[in-house]
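Visitor: Counted from 1, the sequence shown has number 280 at position 280 by the UniProt record's numbering; the numbering is strictly sequential.
For glycine and all other residues, C-beta sits at the position ideal for the given N, C-alpha and C.
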Amino acid sequence: MSNPILFRSKFLFLFLFAIITTNISHAQSFIPFELTPQGHIVVKAKINGVEGNFIFDTGAGLTLITKTFSDKIGKLHKQDGSYTAFRATGEKLTVDLYDAKTVALGNFIEHNPVLTIFDVNLGPIDGLISLMSFKEQPFTINYTNKRIIFETNKSMPAIRKAGHTIPLQLEESRDKALTMAAYFIVNNKLTLQFLIDSGAGSNIYRINSRYITALGVDTANASKIAIPSEFNPKVNTIIYQANVKSITAKQTPAIQCQDVKASFIDGLIYDGIVSLNWIGKQVTFDMKKREMIVL
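Here's what the structure looks like:
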């Protein structure tokens with residue numbers, strides 16, 4: 001017959017353990033970030049336990065590390081296959097894929113991530129952290145407190161109740177890359193689908209040049225520049241810069257910017273691209289429910 005004292009002690013231990021683990025599963029955690037003068041969100045992250053500085057980039061699609069940082073990590077397993085994608089400007093990129101053990105941002109850890117390596121000089125930046133790490137993890141970008149908060153099942157209902165919910169459209173490519181978009185109305189004329197790109201910087205509004213005529217943009221008086229690709233200097237992108245009267249979230253008219261300078265880009269593969277900072281000081285994303293919630 002079992003010892004009743006031992007049984008009660010064991011039961012009490014399991015009960016306390018259940019309470020502790022339940023509290024942990026509902027506890028929010030966060031990481032601080034720095035905002036560069038250009039408006040890029042820079043976070044500390046660890047890949048295979050090695051820490052670096054990364055841009056938190058919702059438009060990257062695929063997590064990227066520099067060759068210099070990969071040398072610090074050591075050899076990563078290279079997959080046999082590759083991945084071909086197109087940059088927003090239409091520039092074709094074919095990259096090798098590598099298996100890592102972990103990507104960690106504070107207490108949040110993604111196991112067995114897939115990433116790519118580029119031999120490119122990004123200065124003090126070691127790479128880009130993409131949305132692929134957060135397919136199952138809701139998170140909030142808080143510009144006021146400069147935090148990325150990892151939300152829980154307990155925290156999300158209050159956020160939805162307090163904020164404006166905007167439907168997202170996800171573009172997931174072969175389980176290797178993930179980006180998100182939403183619908184915006186430009187100049188009260190065109191309803192266009194814009195990629196939401198935290199990696200673009202601050203106050204960035206890029207529109208496909210095919211809409212120049214419909215939006216009444218005078219290209220003769222607009223400034224015109226050619227920007228070389230940082231991956232291939234031989235590739236130039238032609239950009240016209242002109243003002244637009246307004247860009248408004250289709251679902252929530254209160255989310256709007258007025259009289260902003262936009263870049264009209266030849267060959268853009270999207271209707272448009274917008275940065276995140278103007279949408280709200282606190283924006284929550286839930287990829288599973290395809291929602292952006294703006295407080």
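Between residue 70 and residue 103, is the Cβ-Cβ spacing less than 8 Å?
Guide: Counting from 1 along the sequence shown, the entry for residue 70 is found at position 70. Counting from 1 along the sequence shown, the entry for residue 103 is found at position 103. The criterion of a C-beta distance shorter than 8 Å is not satisfied by residue 70 and residue 103.
Visitor: Let me make sure I understand the geometry here. Which of 172, 214, 187 has the alpha-carbon closest to that of residue 195?
Guide: As a first step, residue 195 is located in the sequence shown; it is residue number 195 there, counting from the start. Nearest C-alpha to residue 195: 172.
Visitor: DSSP three-state call for residue 68: helix, strand or coil?
Guide: Mapped onto the sequence shown, residue 68 falls at position 68. Reduced to three states, the DSSP call for residue 68 is helix.
Visitor: Taking three-plus beta-carbon pairs below 8 Å as touching, is the stretch 241 to 251 in contact with the stretch 260 to 268?
Guide: Cβ pair count under 8 Å is three or more, so yes.
Visitor: Just to confirm the assignment, what range does the beta strand (DSSP E) spanning residue 32 have?
Guide: Taking the first residue of the sequence shown as 1, we reach residue 32 at position 32. First-last of the beta strand (DSSP E) with residue 32: 29 to 32.
Visitor: If you count every other CB in all the chains shown that lies within 10 Å of the CB of residue 120, and 16 or more means buried, which is it?
Guide: The sequence position of residue 120 within the sequence shown is 120, counting from 1. Exposed, since its Cβ has fewer than 16 Cβ neighbours within 10 Å.
Visitor: Between which two residues does the beta strand (DSSP E) containing residue 287 stretch?
Guide: Sequence index remark: in the sequence shown, residue 287 carries index 287 (1-based). Run containing residue 287: none; DSSP gives neither H nor E here.
Visitor: Tell me the rounded alpha-carbon separation between residue 26 and residue 149.
Guide: Here residue 26 refers to the residue found at position 26 when the sequence shown is read from its first residue. Here residue 149 refers to the residue found at position 149 when the sequence shown is read from its first residue. A caution first: residue 26 carries a pLDDT of 42, below 50, which makes its placement in the model too unreliable to give a value.
Visitor: Compare the beta carbon distance of residue 118 and residue 66 with 8 Å and say whether it is the shorter of the two.
Guide: Counted from its first residue, the sequence shown places residue 118 at position 118. Counted from its first residue, the sequence shown places residue 66 at position 66. In this structure, residue 66 lies closer than 8 Å to residue 118 by Cβ.
Visitor: Relative to the C-alpha of residue 59, which residue among 197, 108, 74 is closest?
Guide: Residue 59 sits at position 59 when you count from the first residue of the sequence shown. Cα-wise, what sits closest to residue 59 is 197.
Visitor: Counting beta carbon pairs with one atom in the stretch 134 to 146 and one in the stretch 161 to 168, are three or more of them shorter than 8 Å?
Guide: no
Visitor: Mind checking which residues open and close the alpha helix (DSSP H) that includes residue 313?
Guide: Outside the shown range of the chain (1 to 295) lies residue 313, about which nothing can therefore be said.
Visitor: Residue 28 and residue 151: beta carbons closer than 8 Å?
Guide: Mapped onto the sequence shown, residue 28 falls at position 28. Mapped onto the sequence shown, residue 151 falls at position 151. Yes; because the gap between Cβ atoms is below 8 Å, this pair is in contact.
Visitor: By alpha-carbon positions, which one of 41, 154, 255 ends up nearest to residue 141?
Guide: Working through the sequence shown from its first residue, we reach residue 141 at position 141. Looking at the Cα atoms, 41 is the closest of the given residues.
Visitor: By DSSP's criteria, residue 263 is part of a beta bridge. Which residues make up the other side?
Guide: Within the sequence shown, the letter at position 263 stands for residue 263. Partner(s): 206, 241.
Visitor: Mind reading off the beta-carbon distance from residue 126 to residue 54? Whole number of angstroms is fine, and I expect it under 8 Å.
Guide: As a first step, residue 126 is located in the sequence shown; it is residue number 126 there, counting from the start. As a first step, residue 54 is located in the sequence shown; it is residue number 54 there, counting from the start. At roughly 6 Å, the Cβ-Cβ gap stays under 8 Å, so residue 126 and residue 54 are in contact.
Visitor: For residue 238 and residue 73, I'd like the C-alpha separation in whole angstroms.
Guide: Here residue 238 refers to the residue found at position 238 of the sequence shown. Here residue 73 refers to the residue found at position 73 of the sequence shown. Rounded to the nearest angstrom, the two C-alpha atoms are 38 Å apart.
Visitor: CB-CB under 6 Å to residue 46, same chain, minus the five flanking residues each way: which ones, in chain order?
Guide: Along the sequence shown, read from residue 1 onward, the residue named residue 46 stands at position 46. Cβ within range, chain order: 104.
Visitor: Out of curiosity, what's the CA-to-CA distance linking residue 111 and residue 97?
Guide: Taking the sequence shown and counting its residues from 1, one reaches residue 111 at position 111. Taking the sequence shown and counting its residues from 1, one reaches residue 97 at position 97. Taking C-alpha positions only, residue 111 is separated from residue 97 by approximately 16 Å.
Visitor: By Cβ distance below 6 Å, which residues in the same chain neighbour residue 84 in space, the five residues on each side in sequence not counted?
Guide: Position 84 of the sequence shown, counting from 1, holds the residue named residue 84. Around residue 84: 94.
Visitor: On a CA-only basis, which of 48, 37, 209 is nearest residue 109? Give me that one, please.
Guide: Within the sequence shown, numbered from 1, the residue matching residue 109 stands at position 109. Per the Cα distances, 48.
Visitor: Can you say whether residue 293 is buried or exposed, counting buried as having 16 or more other CB atoms within 10 angstroms of its CB?
Guide: One-based indexing of the sequence shown puts residue 293 at position 293. Residue 293 is buried by the Cβ-count criterion.
Visitor: Output yes or no for whether 8 Å exceeds the beta carbon distance between residue 226 and residue 236.
Guide: Start at 1 with the first residue of the sequence shown, and residue 226 comes out as number 226. Start at 1 with the first residue of the sequence shown, and residue 236 comes out as number 236. It is a contact, given that the beta carbons lie within the stated cut-off.
Visitor: With DSSP run on the structure shown, which of helix, strand or coil describes residue 21?
Guide: The residue you call residue 21 lines up with position 21 of the sequence shown. Residue placement at residue 21 is poorly supported in this model, since its pLDDT is 35, which falls under 50; the coordinates are not used for a value here.
Visitor: Give every residue of the same chain whose Cβ lies closer than 8 Å to the Cβ of residue 63, excluding the five residues on either side of it in the sequence, and list them in chain order.
Guide: Looking up residue 63 in the sequence shown gives position 63. Around residue 63: 103, 113, 114, 115, 116, 127, 128, 129, 130, 132, 133.
Visitor: Measuring straight from C-alpha to C-alpha, what distance separates residue 92 and residue 86?
Guide: Within the sequence shown, the letter at position 92 stands for residue 92. Within the sequence shown, the letter at position 86 stands for residue 86. Rounded to whole angstroms, the separation of the alpha carbons of residue 86 and residue 92 is 5 Å.
Visitor: Where do the N-terminal and C-terminal ends of the alpha helix (DSSP H) with residue 60 fall, by residue?
Guide: Within the sequence shown, residue 60 is the residue found at index 60, counting from 1. Here residue 60 belongs to no alpha helix (DSSP H), and DSSP marks it neither H nor E.
Visitor: In the DSSP assignment, what are the bridge partners of residue 92?
Guide: Within the sequence shown, the letter at position 92 stands for residue 92. In DSSP, residue 92 forms a bridge with 86.
Visitor: In the DSSP assignment, what are the bridge partners of residue 119?
Guide: For the purposes of this step, residue 119 is taken as residue 119 along the sequence shown, with counting starting at 1. Residue 119 is not bridged to any residue.
Visitor: Quick one: using the 10 Å Cβ neighbour count with 16 as the cut-off for buried, is residue 23 buried or exposed?
Guide: For the purposes of this step, residue 23 is identified with residue 23 of the sequence shown, where counting begins at 1. Its pLDDT being 35, under 50, residue 23 is placed unreliably by the model, and the measurement read from it follows with that caveat. Residue 23 comes out exposed.
Visitor: Should residue 174 go down as buried or exposed, given a rule of 16 or more other Cβ atoms within 10 Å for buried?
Guide: The residue given as residue 174 occupies position 174 in the sequence shown. Looking at its Cβ environment, which holds fewer than 16 other Cβ atoms inside 10 Å, residue 174 is exposed.
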